[in-house]
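Reviewing the structure listed below.
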Amino acid sequence: MKIIDGKNAILGRLASFVAKEALKGEEIAVLNCEQIVITGNKKNIQKEFQESRGRVGSGQQGPKISKSNEKIVKRTIRGMLPNHRKGRGKIVFSRIKCYVGIPKKFEDKKKIVAGKEKTNKFIRVKEIKK
């Protein structure tokens, strides 16, 4: 099992790495999902997220997008896998676990550090849900 610490990691790069490793057959746990970074203009990112969340109405005209940090990260990873509803994609998607913070069972285990130095323009996943 690979344990990845998501602190200061860029969401897209982390998601592609996790998807590739899961497709190879690895069980993966992503920790500190609330501290993962999305690069870009803060206002644009928040606006796009609010618009996509607002599309769900009486006619269910769009996807239901969750506000929880770990589900935002898991949904991004899901987009980089083959069809997640059947076959190989469903099996691979079930191997990926995302957590807020560091659970007790992973505290003493070795982690892969995915984060780097922060850039100027970014927003954290925990700031999106406000």
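Numbering-wise (my numbering), the sequence shown opens with residue 24 and increments by one. Glycine residues also receive a C-beta, built at the ideal position from the N, C-alpha and C atoms. Fair warning: this is a prediction, and the values are worked out from it, not measured in the lab.
Check your understanding: Quick one: what's T62 bridged to in DSSP?
Key -> F145
Point to revise | Residue of I88, I27 and G35 minimising C-alpha distance to E74 | key: I88
**Study point:** Rounded C-alpha distance that separates K109 from I119
**Key:** 16 Å
Check your understanding: Looking at N31 and C20, is the spacing between their C-beta atoms short of 7 Å?
Key -> Residue numbering for the chain in the displayed model covers 24 to 153; residue 20 lies beyond these limits and cannot be assessed.
Review point. How is the beta strand (DSSP E) around V123 delimited, first residue to last?
Key: Careful: V123 lies outside any beta strand (DSSP E) and carries neither H nor E.
**Study point:** 8 Å contact criterion, which I27 and I51 should meet: CB distance rounded
**Key:** 7 Å
Check your understanding: Secondary structure at L46, three-state DSSP: helix, strand or coil?
Key -> helix
Exercise for review: Taking the CB atoms as reference points, tell me whether I68 and I146 lie closer together than 7 Å.
Suggested key: yes
Check your understanding: Just the Cα atoms here: how many angstroms apart are C121 and V41?
Key -> 11 Å
Practice item. Apply the 10 Å Cβ neighbour rule to G29 and answer buried if 16 or more other Cβ atoms are within range, or exposed otherwise. Key: buried
Exercise for review: Consult DSSP for L104 and reduce its assignment to one of helix, strand or coil.
Suggested key: coil
Exercise for review: Could you name the residues of the same chain whose beta carbon sits closer than 7 Å to that of K113, not counting the 5 residues immediately before and after it, in chain order?
Suggested key: H107
**Study point:** CA-to-CA distance, S117 to A38, given in whole angstroms
**Key:** 15 Å
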